[in-house]
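Novice:
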Amino acid sequence: MAAKQRRIGRAEQAASAVRVYTLIVPGLLQTAEYTHRLFDMQASLQPDLFPDLAAGRAAFAERQQMLFRSAGRFEFVVPESALLWRPGPDGDPRTLVTQLRHIANLSTLDTVRFGVIPLDAPARVCVMHEFVMIGELGVDDNVEVTIHTTTRELHIRDDAQIKTYTALWERVCDDAVFDDGARDLLATTANRLLAS
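Every position in the sequence shown, counted from 1, becomes a number in our numbering once 13 is added.
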C-alpha cells in the first residue's frame, strides 16, 4: 500500500495536471479522519491489500502534501451526493463538516480547482464510474487515465481513449460549479449537517 501511494505520488508530481472525478471526497482533499475511516472500511473488506495500514496512511498523508509543493494543477469534480456520504461506523456528521471546511480551504490554493455538480442541475453527461487523469495529451510524455474498481485498477494509455476521457472531463466541468459557487455549496451542506 505504501509503495503504491509513493508510485502514484511520483506520477502526479511529474504531471502538468491531475484531474479527478470521484463519487466520494477525492483522496488528495481528505482529512486524516475521513481517510482513516475510509481505509478501515476498505481494509475490513480486503485485508490482503492493506498489510500495513499505518504505513499506507503515512504514505497517503505525504502524497497529500503535493497540493502545497507541486507546480502542476489539481482539478477535482464531485457530484453533490459525494459531500453527503458519511464514512465510518457512526457516520458522525461532525467528521463530514470538518471535511467540507477542509475542502473549502484547499479550494483557495492556486494549484487547486474544485467543482461540485449540484443535485438540482440538469445533467448533460452520464458518468459511469470514477476516473483520474494524470497528465495532458500534447503536454506530458506519460498520460494515463486510471479507473479504480473494488478489486483492481485499470490503466488506460491509448491516446484515442484518453481523448474520450478528456471530452468527458470537459462535459463534467460544464455541469459543475466552481470557486465561490462550490464553496457556497460546501458551506450550505455543512450548515445543514450541523442543524440535523
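The beta-carbon is built from N, C-alpha and C at its ideal position, and this holds for glycine as well.
Since the structure is predicted, the reported quantities are computational estimates derived from the model, not experimental observations.
Quick check on the burial criterion: 16 or more other C-beta atoms within 10 angstroms. Buried or exposed for residue 28?
Specialist: Buried is the call here.
Novice: DSSP state of residue 30, grouped into three classes?
Specialist: Note: residue 30 maps to strand in three-state DSSP.
Novice: Counting C-beta neighbours from all protein chains within 10 Å, is the total for residue 43 16 or more, i.e. buried, or is it exposed?
Specialist: So residue 43 ends up on the buried side.
Novice: Determine contact between the region 174 to 182 and the region 146 to 166, defined as no fewer than three beta-carbon pairs at a distance below 8 Å.
Specialist: Touching, yes, given that three or more Cβ pairs across the two stretches are closer than 8 Å.
Novice: Name the DSSP bridge partner or partners of residue 97?
Specialist: Note: residue 97 sits in no beta bridge, so no partner.
Novice: How many Å lie between residue 70 and residue 130 at the Cα?
Specialist: Straight-line Cα distance between these residues: approximately 29 Å.
Novice: Report the option in 196, 122 and 48 whose CA atom is closest to the CA atom of residue 75.
Specialist: Taking only the C-alpha atoms, the option nearest residue 75 is 48.
Novice: Identify every residue that forms a DSSP beta bridge with residue 161.
Specialist: Paired residues: 166.
Novice: My guess is that residue 88 and residue 32 are in contact by the Cβ rule of under 8 Å, so how many angstroms apart are they, rounded?
Specialist: Right, their Cβ atoms sit about 5 Å apart.
Novice: To the nearest angstrom, report how far apart residue 198 and residue 192 are at their CA atoms.
Specialist: Their backbone Cα atoms lie some 10 Å apart in a straight line.
Novice: Between residue 196 and residue 117, how many whole angstroms is the CB-CB distance? I'm expecting something under 8 Å.
Specialist: Indeed they touch by this definition, with Cβ atoms about 5 Å apart.
Novice: Tell whether a beta-carbon distance below 7 Å holds between residue 211 and residue 26.
Specialist: The first residue shown for the chain is 14 and the last is 209, placing residue 211 beyond what the model contains.
Novice: Can you tell me the Cβ-Cβ gap for residue 38 and residue 95, rounded? I've got them flagged as a contact below 8 Å.
Specialist: About 6 Å; that satisfies the 8 Å criterion.
Novice: Specify, as a first and last residue, the run of the beta strand (DSSP E) that residue 88 falls within.
Specialist: Taken as a continuous stretch (DSSP letters only), the beta strand (DSSP E) holding residue 88 covers 86 to 92.
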